[in-house]
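Remarks on the structure that follows.
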Amino acid sequence: SSRCIKEVSLLLNKSKSLVFQGVYSLIDHTVANMLIQLSKATLFQRRTVRELLWGYTDPMLKSTLGVFYPYNNTFDGPYSVFTGKDDITKVAYIDNWRVLTLLISILTLCCHQRSVYGEYEGSEDLKGITVYRYTLPDSTFASPTINPHNKCYCTNYEATKNCTMAGVLDIKTCTGSPVFISLPHFLHGSPDLLEVVDGLRPDDVEHKTFLDVEPTTGFTLRFAKRLQINMGYGPSKEIKILNQIKHNTLLPILWLNETAMLDDETADRLKTELFGRVAMLEVVQISLIVIGAVLCVLCLIGICVQHSNRRKIIA
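Numbering (this note's numbering), first residue to last: 1266 to 1580.
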């Protein structure tokens, strides 16, 4: 779709209290500091993966928070999607969601009209089937100085160094909280991102997003969608727990890896029932061409012989 992804907006709304900048950016710093001290909250909390994903009780907000809470097994439609009947270039494009053609946010129209696309990287062999691999181009998470289309995803000039930092997109205008999305381990990001947090080891094989498409049918036979959620925090004179913070930091909270690949049985069926028949059809086509050519030659020879015989009879 060509709009700010609704799913990210919904999922991240509940994660804004993981770091307290999401709270004090909305209310006065002094009031926020009083609330933090009364609740005896700390800058960082130790939580299990289950709590981060499915919810925990925040000591200050007194509510259940989690990246996927409360969206487990919930219906978020309906969607209206183009079938491509009238315009094949629009096939699978999302026209509206819940009758909305634009998301309710303060994003500019240029952000609503963006889309993510893949660039051809090369051919791969998947269970004996040749597929074309498409990956996200570096421009997807490039800084606005390189890709002007990312300008509307840069609202925190301090954290992004005046929008010159590559590798992250600021989606605060979507979520209302200091949330930044990136590839896992800040893959293709600025070196500054890797220096602030220990343990980051970006790997192109493990952390990139890609699609493996079978060129004949256009079916996606394997894909990997990888995304990292980061929270921003920085120094504040008014909030006590941030007094010792020296620099604006983008802290990775978690990264998601959604992958799928056709199984062996499906691969065998495709090779036997589809690609095998396609190969057989090619053999038949070549055979028909050869037979047609031979028949044409025989016809020419027959015509020449018949013409020669007529000359002899006349003579």
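We treat Cβ as the ideally placed atom computed from N, Cα and C, and that holds for glycine.
Check whether residue i and residue j have beta carbons under 7 Å apart
i: Ile-1308; j: Ile-1506; result: One detail in the question is off: residue 1308 reads as Leu in this sequence, not Ile. In contact: Leu-1308 and Ile-1506 (Cβ atoms closer than 7 Å).
i: Arg-1491; j: His-1472; result: yes
i: Phe-1347; j: Tyr-1358; result: yes
i: Leu-1452; j: Gly-1383; result: no
i: Ala-1525; j: Phe-1488; result: yes
i: Met-1445; j: Asn-1495; result: Reading off the sequence shown, one finds Phe at residue 1445, where the question assumed Met. Cβ distance < 7 Å, so Phe-1445 and Asn-1495 count as in contact.
i: Ser-1345; j: Asp-1360; result: yes
i: Leu-1367; j: Thr-1474; result: no
i: Cys-1437; j: Thr-1425; result: The sequence given here has Lys at residue 1437, not Cys. Going by C-beta atoms, Lys-1437 is not nearer than 7 Å to Thr-1425.
i: Leu-1300; j: Met-1325; result: yes
i: Tyr-1418; j: Asp-1403; result: no
Cβ neighbours of residue i in the same chain (closer than 6 Å, five flanking residues each side left out)
i: Thr-1429; result: Ser-1408 and Thr-1410
i: Asn-1522; result: Arg-1491
i: Ala-1558; result: none
i: Lys-1392; result: Ala-1532
i: Trp-1520; result: Pro-1449 and Gln-1493
Residue i, buried or exposed, once every other Cβ within 10 Å from all chains shown has been counted against 16
i: Tyr-1399; result: buried
i: Gly-1497; result: buried
i: Val-1396; result: buried
i: Val-1562; result: exposed
i: Pro-1456; result: exposed
i: Ile-1554; result: exposed
i: Gln-1571; result: exposed
i: Ser-1573; result: exposed
i: Pro-1343; result: exposed
i: Ser-1388; result: exposed
i: Leu-1565; result: exposed
i: Leu-1560; result: exposed
i: Leu-1527; result: buried
i: Leu-1458; result: buried
Own chain, CB closer than 7 Å to residue i, minus 5 neighbours either side, in chain order
i: Val-1462; result: Leu-1516 and Pro-1517
i: Asn-1298; result: Glu-1503, Ile-1504 and Lys-1505
i: Gly-1320; result: Thr-1329, Leu-1330, Gly-1331 and Tyr-1334
i: Leu-1318; result: Gly-1331, Val-1332 and Phe-1333
i: Lys-1467; result: Contrary to the premise, residue 1467 reads as Pro rather than Lys in this sequence. Cβ neighbours of Pro-1467 beyond the five flanking positions: His-1450, Phe-1451 and Leu-1452.
i: Gly-1349; result: Lys-1355 and Val-1356
i: Glu-1206; result: Residue coverage of the chain in this structure runs from 1266 to 1580, which leaves residue 1206 outside it and unanswerable.
i: Lys-1386; result: For clarity, residue 1386 is Glu in the given sequence; the question names Lys instead. Excluding residues within five positions, the ones whose Cβ falls inside 7 Å are Arg-1398, Tyr-1399 and Thr-1400.
i: Gln-1310; result: none
i: Ile-1568; result: none
i: Leu-1291; result: Residue placement at Leu-1291 cannot be trusted, given a pLDDT of 46 that sits under 50; the coordinates are not used to answer.
i: Gly-1464; result: none
i: Val-1543; result: Thr-1481
Chain-order list of residues whose beta-carbon lies under 8 Å from that of residue i (same chain, five-residue window excluded)
i: Ser-1501; result: Tyr-1289, His-1294, Leu-1507, Asn-1508 and Ile-1510
i: Asp-1390; result: Val-1396
i: Gly-1454; result: Phe-1406, Met-1430, Ala-1431, Gly-1432, Val-1433, Ser-1447, Leu-1448 and Pro-1467
i: Arg-1312; result: Tyr-1321
i: Ile-1394; result: Glu-1479, Leu-1486, Ala-1532, Leu-1535, Lys-1536 and Phe-1540
Within-7 Å CB hit, residue i to chain B
i: Leu-1317; result: Looking for chain B here will not work: only one protein chain is present.
- Query: Would you call the segment 1547–1558 and the segment 1411–1419 in contact, with 3 or more CB pairs under 8 Å?
  - Reply: Short answer: they don't touch.
Identify every run of the beta strand (DSSP E) within the segment 1323–1370, keeping only runs that are complete inside it and at least 3 residues long; order them along the chain. The segment 1323–1370 contains these whole beta strand (DSSP E) runs: 1344–1346 and 1359–1362.
Open item on the list: Across the segment 1417–1432 and the segment 1474–1483, are there enough close Cβ pairs to call them in contact, namely three or more that are closer than 8 Å?
Closed with: Using a Cβ-Cβ distance cut-off of 8 Å, the segment 1417–1432 and the segment 1474–1483 are not in contact, since fewer than three pairs of beta carbons, one from each stretch, lie closer than that value.
Can you list, in chain order, the stretches of the alpha helix (DSSP H) that have 4 or more residues and sit fully within the segment 1494–1578?
Counting only runs of at least 4 residues, the segment 1494–1578 fully encloses the following alpha helix (DSSP H) elements, listed from N- to C-terminal order: 1529–1534.
Secondary structure, alpha helix (DSSP H): runs of 4+ residues fully inside the segment 1417–1465
The segment 1417–1465 contains, as complete alpha helix (DSSP H) runs of 4+ residues, the segments 1437–1440 and 1456–1461 (chain order).
Entirely enclosed beta strand (DSSP E) segments - the segment 1472–1496, minimum 3 residues | Within the segment 1472–1496, the beta strand (DSSP E) runs of at least 3 residues that lie entirely inside it are, in chain order, 1475–1478.
- Query: Taking only runs of the alpha helix (DSSP H) that begin and end inside the segment 1292–1321, which ones reach a length of at least 4 residues, in chain order?
  - Reply: Fully contained in the segment 1292–1321 are the following alpha helix (DSSP H) runs of length 4 or more, in chain order: 1294–1304 and 1314–1319.
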